[in-house]
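Undergrad:
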Amino acid sequence: MPELFEILTKEEIAPKIYRMDIYAPAIAQKRRAGQFVILRVYERGERIPLTIVDSDPEQGSVLLVFQVMGKTTAMLSDMEVGERLADFVGPLGSPTHIENYGTAVCVAGGVGTAAAYPIARALKEAGNHLISIVGARTKDLLIMTQEMEAISDRLELTTDDGSYGFHGFVTDRLKKMIDEEKVHIDMVLAVGPAIMMKAVSDLTRPYGIKTIVSLNPIMVDGTGMCGMCRVRVGDEIKFACVDGPEFDGHLVDFDELMKRQRMFVEQERKAYEEYLKDKQGKCGEGKR
Amino acid sequence: MTTRERLNIPRQPMREQPPEERIKNFNEVPLGYDEKTAMLEAERCLQCKVPMCIKGCPVEVDIPAFIKLIREGKFIEAARKIKETNSLPAVCGRVCPQEDQCEKTCVLAKRGRSVAIGNLERFVADYEREHNAIEIPDLPPPTGMKVAVVGSGPAGITAAGELAKRGHKVTIFEALHEPGGVLIYGIPEFRLPKSILKVEIDYVRALGVEIITDAPIGKLYTIDELFEMGYDAVFLGVGAGTPNFLGISGENLNGVLTANEFLTRVNLMRAYRFPEYDTPIYVGNKVAVIGGGNVAMDAARTALRLGAEEVSIVYRRSRAEMPAREEEIRHGEEEGVKFKFLVNPIRFIGDENGWLKGMECIRMELGEPDESGRRRPIPIEGSEFVMDVDMAVIAIGTSAQPLIRMTTPDLEFNERGYIVVDPETGATSKEGVYAGGDIVTGAATVILAMGAGRRAAAAIHEYLMRKKAQQGK
Numbered sequence: 006m007p008e009l010f011e012i013l014t015k016e017e018i019a020p021k022i023y024r025m026d027i028y029a030p031a032i033a034q035k036r037r038a039g040q041f042v043i044l045r046v047y048e049r050g051e052r053i054p055l056t057i058v059d060s061d062p063e064q065g066s067v068l069l070v071f072q073v074m075g076k077t078t079a080m081l082s083d084m085e086v087g088e089r090l091a092d093f094v095g096p097l098g099s100p101t102h103i104e105n106y107g108t109a110v111c112v113a114g115g116v117g118t119a120a121a122y123p124i125a126r127a128l129k130e131a132g133n134h135l136i137s138i139v140g141a142r143t144k145d146l147l148i149m150t151q152e153m154e155a156i157s158d159r160l161e162l163t164t165d166d167g168s169y170g171f172h173g174f175v176t177d178r179l180k181k182m183i184d185e186e187k188v189h190i191d192m193v194l195a196v197g198p199a200i201m202m203k204a205v206s207d208l209t210r211p212y213g214i215k216t217i218v219s220l221n222p223i224m225v226d227g228t229g230m231c232g233m234c235r236v237r238v239g240d241e242i243k244f245a246c247v248d249g250p251e252f253d254g255h256l257v258d259f260d261e262l263m264k265r266q267r268m269f270v271e272q273e274r275k276a277y278e279e280y281l282k283d284k285q286g287k288c289g290e291g292k293r
Numbered sequence: 195m196t197t198r199e200r201l202n203i204p205r206q207p208m209r210e211q212p213p214e215e216r217i218k219n220f221n222e223v224p225l226g227y228d229e230k231t232a233m234l235e236a237e238r239c240l241q242c243k244v245p246m247c248i249k250g251c252p253v254e255v256d257i258p259a260f261i262k263l264i265r266e267g268k269f270i271e272a273a274r275k276i277k278e279t280n281s282l283p284a285v286c287g288r289v290c291p292q293e294d295q296c297e298k299t300c301v302l303a304k305r306g307r308s309v310a311i312g313n314l315e316r317f318v319a320d321y322e323r324e325h326n327a328i329e330i331p332d333l334p335p336p337t338g339m340k341v342a343v344v345g346s347g348p349a350g351i352t353a354a355g356e357l358a359k360r361g362h363k364v365t366i367f368e369a370l371h372e373p374g375g376v377l378i379y380g381i382p383e384f385r386l387p388k389s390i391l392k393v394e395i396d397y398v399r400a401l402g403v404e405i406i407t408d409a410p411i412g413k414l415y416t417i418d419e420l421f422e423m424g425y426d427a428v429f430l431g432v433g434a435g436t437p438n439f440l441g442i443s444g445e446n447l448n449g450v451l452t453a454n455e456f457l458t459r460v461n462l463m464r465a466y467r468f469p470e471y472d473t474p475i476y477v478g479n480k481v482a483v484i485g486g487g488n489v490a491m492d493a494a495r496t497a498l499r500l501g502a503e504e505v506s507i508v509y510r511r512s513r514a515e516m517p518a519r520e521e522e523i524r525h526g527e528e529e530g531v532k533f534k535f536l537v538n539p540i541r542f543i544g545d546e547n548g549w550l551k552g553m554e555c556i557r558m559e560l561g562e563p564d565e566s567g568r569r570r571p572i573p574i575e576g577s578e579f580v581m582d583v584d585m586a587v588i589a590i591g592t593s594a595q596p597l598i599r600m601t602t603p604d605l606e607f608n609e610r611g612y613i614v615v616d617p618e619t620g621a622t623s624k625e626g627v628y629a630g631g632d633i634v635t636g637a638a639t640v641i642l643a644m645g646a647g648r649r650a651a652a653a654i655h656e657y658l659m660r661k662k663a664q665q666g667k
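First to last, the sequence lines map onto chains S and L.
Just so you know, the first sequence maps onto residues 6 to 293 in the working numbering.
Just so you know, the second sequence maps onto residues 195 to 667 in the working numbering.
(1) Does Y612/L have its Cβ less than 9 Å from a Cβ in chain S?
(2) Rounded to the nearest angstrom, what separates E63/S and E11/S at their Cα positions?
(3) Report all residues from its chain with a CB closer than 8 Å to the CB of I690/L; omit the five preceding and five following residues, and keep chain order.
(4) How would you list, in chain order, the residues of chain L whose beta-carbon sits under 9 Å from the beta-carbon of A31/S?
(5) List the residues of chain L that L97/S touches, going by C-beta distances under 8 Å, in chain order.
(6) Fully enclosed by the region 318-365 of chain L, which beta strand (DSSP E) runs are 3 residues long or longer?
(7) Please name the residue in L201/L, G666/L, E356/L whose C-alpha comes closest to that of G402/L.
(8) Give me the chain L residues within the contact set of V257/S, using Cβ-Cβ distance strictly less than 9 Å, ordered along the chain.
(9) How many angstroms separate the CA atom of E606/L from the CA atom of V614/L?
(10) For G433/L and G347/L, which I take to be in contact (beta-carbon distance under 8 Å), what is that distance rounded to the nearest angstrom?
(11) Could you tell me which chain S residues have their CB closer than 9 Å to the CB of R470/L, listed as they occur along the chain?
(12) Relative to the C-alpha of S512/L, which candidate in L560/L, R495/L, I270/L has its C-alpha closest?
(13) If the cut-off is 9 Å on Cβ atoms, which residues from the region 267-279 of chain S count as contacting chain L, listed in chain order?
(14) Have a look at I32/S, S99/S, Y277/S and flag the residue whose alpha-carbon is nearest the alpha-carbon of P474/L.
(15) Extract the residue ranges of the beta strand (DSSP E) inside the region 120-148 of chain S, only unbroken runs of 3 or more that lie entirely within it.
(16) In the structure shown, what three-state DSSP assignment does L536/L receive?
(17) Consider the Cβ of E290/S: report whether some Cβ of chain L lies at a distance smaller than 9 Å.
(18) According to the neighbour-count rule (16 or more other Cβ atoms, all chains shown, within 10 Å of its Cβ), is Q241/L buried or exposed?
(19) Name, in chain order, the residues that DSSP records as bridge partners for I507/L.
(20) Closest to A232/L by C-alpha separation, out of K388/L, D294/L, L314/L, N221/L, would be which residue?
(21) Could you check the C-alpha separation between R49/S and K624/L for me, to the nearest Å?
(22) With a cut-off of 9 Å, does the C-beta of F439/L fall near any C-beta of chain S?
(23) If A621/L and A490/L are in contact, beta carbons under 8 Å, what's the gap, nearest whole angstrom?
(24) Short check: CB of F429/L to CB of G576/L, under 9 Å?
(25) Where does V376/L sit, in a helix, a strand or coil, going by DSSP?
(26) Which first and last residues belong to the beta strand (DSSP E) in which Y23/S is found?
(27) Of all the CB atoms in chain L, is at least one closer than 9 Å to the CB of G197/S?
(28) Taking the C-alpha atoms as reference points, what is the distance between A453/L and L44/S?
(29) Between V247/S and chain L, is there a C-beta pair that is closer than 9 Å?
(30) Determine, using beta carbons only, whether N547/L comes closer than 9 Å to chain S.
(31) Report yes if the C-beta distance between F220/L and Y415/L is below 9 Å; otherwise report no.
(32) Thinking C-alpha only, which one of R274/L, A284/L, K249/L is nearest E222/L?
(33) Give the C-beta separation of E687/L and R569/L to the nearest angstrom, bearing in mind that I take them to be a contact with Cβ-Cβ under 8 Å.
(34) Going by other Cβ atoms of all chains shown within 10 Å of its Cβ, with 16 needed for buried, is R495/L buried or exposed?
(35) Does any residue of chain S have a CB that is nearer than 9 Å to the CB of G374/L?
(36) Are the beta-carbon atoms of V73/S and K21/S separated by less than 9 Å?
What follows is the structure, given as structure tokens:
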């Protein structure tokens with residue numbers, strides 16, 4: 006029997022993007038599409054939220070996919086199968102409201118594809134005709150394309166640099182679908198960097214296409230206590246951790262969200278650099 | 195010693211770290227009594243035949259009895275006397291507002307200054323701990339009944355300890371990664387050292403209570419699932435942790451944060467030791483803390499210790515109406531916290547990058563008393579002015595924690611989201627489910643939550659014994 010919060014599998018699926026199965030049977034049993042966990046790698050670590058990509062209730066495992074962005078994700082990527090995380094809390098957030106809208110388009114960017122996957126799958130299982138547009142900066146960073154293909158009635162891939170599939174942003178591909186291909190779309194799900202979700206929401210607004218986004222603000226406790234993750238949605242202040250993380254993309258104040266996401270950018274950079282320096286010092290050539 | 199002689203002994207103050215020293219560290223401010231001072235202070239107690247102090251204590255500590263033991267130099271016995279009804283004496287000796295509880299009803303309060311009951315409680319709890327004399331009392335045989343306690347704050351810890359002492363198997367479910375609730379995330383190290391809290395929580399563990407962290411009830415398990423897992427009763431002590439906002443423009447600017455966030459980063463996450471600890475913190479040079487309670491004082495004094503140049507408490511009423519303890523206000527004043535009374539923020543002003551750079555305020559005057567009995571603050575038209583600040587901490591209170599409400603449709607809540615209970619027993623509308631502390635009353639004090647936990651434990655015990663008899667166990 007594995008220990009609680011033990012890493013069961015680890016794989017680098019794209020440069021600096023990892024998938025890990027974590028042993029957390031109660032969460033694996035309980036979680037639903039759209040929910041997330043908060044984890045701490047070690048005793049002195051910070052709490053970071055990560056979307057639950059999938060779970061295997063029988064094995065008792067929860068699947069995470071993450072990109073190395075700073076110290077915490079770097080440390081996580083440096084952990085090995087058999088090691089255990091200090092903390093793993095969930096399932097947090099409100100599960101996605103799923104219904105049969107008709108034709109649903111899932112627009113996913115970069116590592117956000119992993120977070121989009123469980124929601125897209127639930128939409129498909131609810132009977133939606135599912136079209137997926139998955140994009141990344143470059144070919145190497147396109148992830149989970151097979152998984153997305155398996156659940157989608159149609160899959161479109163895009164790269165910003167044109168190294169694979171459609172040359173352009175996911176929004177360009179979506180616009181083409183609406184304007185040129187005249188696809189009738191009943192709802193759009195957008196998951197990715199805030200700037201991408203904003204662009205998708207701006208694109209769909211004039212067409213009146215319902216657009217759901219899954220936000221990724223900074224969090225501390227993740228249970229509604231600190232208010233760090235507050236976002237402006239229409240006239241209201243919402244906590245992404247308990248009221249979200251999904252909201253109506255047409256109502257979210259993305260500019261404010263993006264400013265708030267940059268609140269600790271200096272400290273984060275410093276901590277990451279220190280970590281890399283330490284790591285180099287400790288491992289020397291061994292790690293190379 | 196005659197009564198007259200006792201009355202002539204002045205109330206003994208505690209030594210404190212000097213203000214200029216302590217604003218550079220997170221160490222505790224009061225340094226406690228030594229044995230001699232404690233015994234002298236204990237001589238002031240008149241050992242009333244009908245002790246009014248006990249009536250002022252929500253957990254009914256036998257105050258004259260423990261003070262008598264101090265007088266006799268039996269410090270460890272005195273600590274054990276307190277622990278008969280209070281599992282957290284070192285915590286209570288530090289954070290209880292004794293001036294509103296036992297010391298308020300102390301007979302000496304009428305003739306000058308009450309016995310320093312809180313200081314004495316703290317002294318014996320520290321003495322017992324420092325002399326490694328903490329002992330677990332004899333526990334009754336297990337009843338075979340299981341209780342789930344949700345939340346490990348003052349209410350939950352107390353209920354759990356009391357139920358364990360009655361032979362029940364208790365499991366506490368805590369959403370955060372460390373137990374203690376507000377004692378760990380809210381109250382700063384300089385008021386309640388974590389190491390002292392840890393010893394008292396370990397004591398409750400030693401009574402047989404199991405604490406499961408990282409377990410947000412309502413999310414990981416619902417209350418019904420706790421019953422399915424074999425728990426015979428549930429106590430909800432989940433607190434009122436949701437921060438309130440002012441509802442004014444600019445509140446989402448960077449540099450504007452809730453006291454909960456600021457204190458959680460510093461206390462629970464130890465951000466004051468960044469980068470040794472990974473959680474970052476932002477501290478401005480000119481800090482405004484909005485609010486007049488203990489949490490506001492904690493935030494202001496924490497900001498000073500983190501190196502802020504100027505920290506102001508901005509409060510819409512006057513000093514007399516401040517809900518903070520006198521001791522906390524005094525400590526803040528000594529440390530250089532500035533007080534802007536009769537001032538209310540009306541707008542936060544940001545720069546082009548979304549960071550706070552100023553706060554527009556309006557001056558207030560006091561009108562007729564409102565429903566709280568305090569004089570209502572009224573804005574003075576035309577008195578607007580801008581305060582130059584680069585950080586603002588909102589400490590204007592908290593509301594009910596939402597996770598249980600969102601997932602327990604058959605539990606009765608009032609219109610403000612607090613759980614409706616029988617005030618005598620803590621029984622909720624759902625069978626076998628009890629509640630107490632801030633999730634019932636709204637944000638209050640540690641000791642009131644402990645009192646509620648203790649009363650609910652007694653009621654849960656009766657409920658369990660009835661249930662056991664019915665089951666023929």
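Note that beta-carbon positions come from the ideal geometry of N, C-alpha and C, so glycine has one too.
TA: On the basis of the supplied data:
(1) Contact with chain S is absent for Y612/L, since none of that chain's Cβ atoms lies less than 9 Å from the residue's Cβ.
(2) So the alpha carbons of these two residues sit roughly 16 Å apart.
(3) The structure shown does not extend to residue 690/L, since chain L spans only 195 to 667, so no value can be given for it.
(4) Listed along chain L, the residues sitting closer than 9 Å to A31/S by beta-carbon distance are A409, L414, Y415.
(5) The answer, in chain order, is P410, K413.
(6) Counting whole runs of 3 or more residues, the region 318-365 of chain L contains the beta strand (DSSP E) stretches 340-344.
(7) Comparing alpha-carbon positions, the option among L201/L, G666/L, E356/L lying closest to G402/L turns out to be E356/L.
(8) Chain L residues near V257/S: none, gap ~12 Å exceeds 9 Å.
(9) Counting only the Cα atoms, V614/L lies some 6 Å from E606/L.
(10) Yes, they are in contact, since the Cβ atoms of G433/L and G347/L sit about 5 Å apart, within 8 Å.
(11) Looking at the sequence shown, residue 470/L is not Arg but Glu. Residues of chain S passing the Cβ test: R49.
(12) Nearest in C-alpha terms to S512/L, of all of L560/L, R495/L, I270/L, is L560/L.
(13) Here the close residues are R267, M268, F269, E271, Q272, E273, K275, A276, E279.
(14) For the residues I32/S, S99/S, Y277/S, the minimum Cα distance to P474/L belongs to Y277/S.
(15) Within the region 120-148 of chain S, the runs of beta strand (DSSP E) at least 3 residues long that lie entirely inside it are, in chain order, 134-141.
(16) When secondary structure is reduced to three states using DSSP, L536/L falls in the coil class, being assigned neither helix nor strand.
(17) At E290/S, the pLDDT of 49 sits below 50, so the modelled position is not reliable; the number obtained from the coordinates is stated separately. Closer than 9 Å: no.
(18) Exposed: under 16 other Cβ atoms inside 10 Å.
(19) Answer is V483/L, F533/L.
(20) Among K388/L, D294/L, L314/L, N221/L, the Cα nearest to that of A232/L is on L314/L.
(21) Near 40 Å, if we compare the C-alpha coordinates of K624/L and R49/S.
(22) Nearest CB-CB separation between F439/L and chain S: below the 9 Å threshold.
(23) Not really, about 34 Å apart at Cβ, beyond 8 Å.
(24) One thing to note: F429/L has its Cβ no nearer than 9 Å to the Cβ of G576/L.
(25) Taken through DSSP and simplified to helix, strand or coil, V376/L comes out as helix.
(26) 22-28 is the extent of the beta strand (DSSP E) around Y23/S.
(27) Not one chain L Cβ lies under 9 Å of G197/S.
(28) In a straight line, the C-alpha of A453/L is about 23 Å away from that of L44/S.
(29) True, the Cβ-Cβ gap to chain L drops below 9 Å.
(30) Interface residue, yes.
(31) It is not a contact, given that the beta carbons lie outside the stated cut-off.
(32) With respect to the C-alpha of E222/L, the residue from R274/L, A284/L, K249/L having the closest C-alpha is A284/L.
(33) Residue numbering for chain L in the displayed model covers 195 to 667; residue 687/L lies beyond these limits and cannot be assessed.
(34) Taking all protein chains shown into account, R495/L has 16 or more neighbouring C-beta atoms within 10 Å of its C-beta and is therefore buried.
(35) Taking 9 Å as the threshold, the shortest C-beta distance from G374/L to chain S does not fall below it.
(36) Their beta carbons are under 9 Å apart, which means V73/S touches K21/S by this criterion.
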